[in-house]
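Student: Before we start, here is the structure in question, set down as structure tokens.
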Amino acid sequence: MGRALFDLAVFRQYYQETLNAKLNKSGIENPWFVFGTSYSGALSAWFRLKFPHLTCGSLSSSGVVLAVYNFTEFDQQIGESAGSECKSVLQEITTLVDQRLASDGNSLKKLFDAAELKIDGDFLYFLADAAAIAFQYGNPDKLCSPLIEAKKAGEDLVSAYAKYVKEYYVKSFGVSTQTYNQKYLKDTSNDDRLWWFQVCTEVAYFQIAPANDSIRSSKVDTKYHLDLCKNVFGEGYTLRWMQQICTMEEQKLLGQK
Numbered sequence: 221m222g223r224a225l226f227d228l229a230v231f232r233q234y235y236q237e238t239l240n241a242k243l244n245k246s247g248i249e250n251p252w253f254v255f256g257t258s259y260s261g262a263l264s265a266w267f268r269l270k271f272p273h274l275t276c277g278s279l280s281s282s283g284v285v286l287a288v289y290n291f292t293e294f295d296q297q298i299g300e301s302a303g304s305e306c307k308s309v310l311q312e313i314t315t316l317v318d319q320r321l322a323s324d325g326n327s328l329k330k331l332f333d334a335a336e337l338k339i340d341g342d343f344l345y346f347l348a349d350a351a352a353i354a355f356q357y358g359n360p361d362k363l364c365s366p367l368i369e370a371k372k373a374g375e376d377l378v379s380a381y382a383k384y385v386k387e388y389y390v391k392s393f394g395v396s397t398q399t400y401n402q403k404y405l406k407d408t409s410n411d412d413r414l415w416w417f418q419v420c421t422e423v424a425y426f427q428i429a430p431a432n433d434s435i436r437s438s439k440v441d442t443k444y445h446l447d448l449c450k451n452v453f454g455e456g457y458t459l460r461w462m463q464q465i466c467t468m469e470e471q472k473l474l475g476q477k
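For the sequence shown, this note's numbering begins at 221 and goes up steadily by one.
Given below as structure tokens:
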């Protein structure tokens, strides 16, 4: 994170000097306002704190400004946004998926066109993200309406959810199942590993299942995330190490005591 902030500072200085040269001026400092969303939102907030002399203000929309180790609140917020009826159906689907994964995982993954996800945790994370995205991007009806209708009609809920995942999350939203495949993420030429590197080295934000009343599978836990970090980026990602890193990042970037 620190390197990214210094990169932005260098760019800001370079571009300001370029503007001055182009306009045949010297010593001019235009007002710079930084803004961003999610990760870039965090950078915009941190940039303002670290380089107040280089910017006049900052807007951080949904900025991930705190390095949270186990981010159970993410799943809890999905449940609140879903409402009781949709939440109940999603939890039932999770139970059914866990059961089928144990009895016939290959067939289940094929139903979701996700047979390449050999690691069960990758598959379950894929399904969890598919549900979360509907609320995160303001389209809850795309998810809840067909699932509630399927429940009332006595239809197979897992099949109904698979239809949503394939038609909305993959086809309409443009997500590829391979981005959840740890084998794919180990390839250093893939950009999809970049956020995971931030997760595994600086901010964590492990979106694990809460101990009670979760929507995502309980198998999406701390161990899954640490195993992913070790498998994709190498040994050394232990529970104690990650907790220390999160604390250090908070203190370093936000000046917390």
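Built from N, CA and C at the ideal position, the CB exists for glycine as well.
Considering F355, what are the terminal residues of the beta strand (DSSP E) in which it resides?
Tutor: F355 -> not in any beta strand (DSSP E); alpha helix (DSSP H) instead, spanning D340 to Q356.
Student: Ends of the beta strand (DSSP E) at S396?
Tutor: Neither: S396 is in no beta strand (DSSP E) and is coded neither H nor E.
Student: Rounding to the nearest angstrom, what Cα-Cα distance links Y234 and G256 in this structure?
Tutor: 20 angstroms
Student: Between Q319, S434, V452 and E369, which has its C-alpha nearest G299's C-alpha?
Tutor: S434
Student: Cutting at 8 angstroms between CB atoms, please list the residues of its own chain near E237, excluding the five before and the five after it.
Tutor: none
Student: Pairing CB atoms from the segment 340-357 with CB atoms from the segment 377-394, are three or more of them under 8 angstroms?
Tutor: Segments in contact, yes.
Student: In its own chain, which residues sit with a C-beta less than 6 angstroms from the C-beta of Q552, not counting the 5 before and 5 after it?
Tutor: Residue 552 cannot be examined here, being either before or after the span of the chain that is shown, 221 to 477.
Student: Can you name the start and end residues of the beta strand (DSSP E) that G283 belongs to?
Tutor: Under the DSSP assignment, G283 falls outside any beta strand (DSSP E); it carries neither an H nor an E label.
Student: At the level of alpha carbons, what is the spacing between N401 and W415?
Tutor: 14 angstroms
Student: Would DSSP call K477 helix, strand or coil?
Tutor: Interpretation of K477 is limited by its pLDDT of 44, a score under 50 that renders its predicted location unreliable; the figure taken from the coordinates is listed afterwards. Coil at K477, not helix or strand.
Student: Go ahead and pull the three-state DSSP assignment for T275.
Tutor: coil
Student: Helix, strand or coil: which one does DSSP assign to F231?
Tutor: helix
Student: To which residues of the same chain is L201 closer than 7 angstroms at the C-beta, ignoring the five residues directly before and after it?
Tutor: What the structure shows of the chain is the stretch from 221 to 477, and residue 201 is not part of that stretch, so it cannot be assessed.
Student: Looking only at its chain, what residues have a beta carbon closer than 6 angstroms to the beta carbon of D318, apart from the 5 residues adjacent to it on each side?
Tutor: S437
Student: Taking all protein chains shown into account, do 16 or more other C-beta atoms lie within 10 angstroms of the C-beta of S280, making it buried, or fewer, making it exposed?
Tutor: buried
Student: When the distance is taken between beta carbons, is V440 closer than 7 angstroms to Y381?
Tutor: Their beta carbons are not under 7 angstroms apart, which means Y381 does not touch V440 by this criterion.
Student: Going by beta-carbon coordinates alone, are V309 and K362 separated by less than 7 angstroms?
Tutor: no
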